[in-house]
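Notes follow once the structure below has been shown.
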Amino acid sequence: MSSAPTVTIVTDRAHIPLSAGDQAYADAMESMGCHVVPVSWNDPAWRQTGGPTASDVIVFRSPWDIWEQPGRHLEFLSLLDHLEHHAKCVLNHPDVLRWGLDKETVSDLTPLGLNVPPSLQVSDVSDALSTMRAKGWSQSVIKPSNGGSGFGVALLDNARENKIQLPEIDGSWLLQPFYPEIAKGELNLVLIDGEPSHMIRKVPAENEWRSNWKFKPTWTLEPIAPKVAEAARKVMKRFSEPPLYARVDGIMVDNAFLLLEVEVVSPSLFIPFYPEAAHLLATATLRHING
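Here our numbering is used: the first residue of the sequence shown is -17, the next is one more, and so on.
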C-alpha cells in the first residue's frame, strides 16, 4: 500500500463536487493522510482506467440517482459484481449493499425481535386498493421494493379517488399500512461500525407525510432514544461484521419503536448536524484499510 492510501468516494454525477456531508468526510480522510477521489458510480472512465483496482478502499456514499430510471438498478448490481472481483475493499461490502437494495428484506428481521410493518407485494394501484380493502387498511403507502429518496412513494386512501401515476421501475411494488404517527417525526439513528453515533428527528412539512429532504421536512438533532438504540443493536446482529455505516429509520407507535427501513446503501448520515461523525467515519474507514 502506498504511504497515502487512495479512498474512492462513490456518489452520482449530480453530487460532484461532493455534498457538504461527504466533503466533510473527505476532508477528515485527507487530514489522516489519505488521497480522496470522488467518482460517479456510473462513470465508465473510472472502470476503464483501472480506478477500482487502484483504490485501497471504495466507499459508497451518495449514489442517489440509481432509482430514477429503469435499468439503473441492474447497472448498479453489475458494478457491485465487478467490484467484488476487482477491488481490494468495498464499503459497505457488496453483499450488504445488495441486501440493502431490497426493501422487502426488513421483514427478514422479525426473528431478531424487531417490530416491522406488514409488507405485501402488489402490481399496480388497482391491485393495491383491492389489497387494502381485503386487509381493512383505510390508508396505505405504496413504494418501490428497490428505491430511495422518496422516489415513487405515494399515499393511497380508500375513502378518496386515487389519481396516482406510478413511475416505471425495476422490481415490484410494496404496500404497507400508513401510520399517522409519522406526523410526530421519523427517527433516524446513524451507526458507524455498528455503534450508534447520533439521531435525527425528521418532521414532515405541513400537509405532507413524507420526510425525505425534497419534501422540505424539519430535521433536528436529538439525544439517541434508548428504544431506537436497542432496535439498532438488534439490526446489527443481521450482519456477520458491522457495516461501516448504517441508518435505522422508524417511528414510535404505542410507545414502541416500529422499524421502517434499514439504510445501508446510500443513507444521508446528517454529518452537518453532527460534525464529529466525519472524524468517526474516517477513523472507522482507516481501520478497514489497515485490516
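The C-beta atom is built at its ideal place from N, Cα and C for all residues, glycine as well.
Quantities reported herein were computed from a predicted structural model and do not represent experimental measurements.
At which residues does the alpha helix (DSSP H) containing valine 107 begin and terminate?
Start and end: 107 to 117.
Tell me whether methionine -17 is buried or exposed, calling it buried when 16 or more other Cβ atoms sit within 10 Å of its Cβ.
Summary for methionine -17: the model assigns pLDDT 46, below 50, so the residue's position carries little reliability, and this model does not support an answer.
At 4 residues or longer, and completely inside the stretch 89 to 177: list those alpha helix (DSSP H) runs for me, N to C.
You should have 107 to 117.
Run through DSSP, which three-state label would alanine 298 get?
The structure shown has nothing for residue 298, since the chain only spans -17 to 273.
Take lysine 209 as the anchor and find which of Leu203, Ile233 and Arg229 has the nearest alpha-carbon.
For lysine 209, the nearest C-alpha among the options comes from Ile233.
Which complete beta strand (DSSP E) runs does the stretch 27 to 81 hold, if anything under 3 residues is left out?
Listed in chain order, they are 39 to 42.
For valine 104, I'd like the list of residues in its chain whose CB is within less than 6 Å of its CB, leaving aside the five on either flank, ordered along the chain.
Result list for valine 104: Ala110, Thr113, Trp155 and Leu157, in chain order.
Which value, in whole angstroms, describes the spacing of the CA atoms of threonine 92 and valine 98?
C-alpha separation (whole angstroms): 7 Å.
Roughly how many angstroms lie between the CA atoms of phenylalanine 133 and proline 76, to the nearest whole one?
Taking the straight line joining both Cα atoms gives about 23 Å.
Tell me the DSSP bridge mates of glutamate 204?
According to DSSP, glutamate 204 bridges with Met181.
Helix, strand or coil: how does DSSP classify glycine 273 here?
In the structure shown, glycine 273 sits in coil (DSSP, three-state: anything other than H, G, I, E or B).
Taking the alpha carbon of tyrosine 7 as the reference point, which residue from Asn272, Arg269 and Thr265 has its own alpha carbon closest?
Of the candidates Asn272, Arg269 and Thr265, the one whose C-alpha sits nearest the C-alpha of tyrosine 7 is Thr265.
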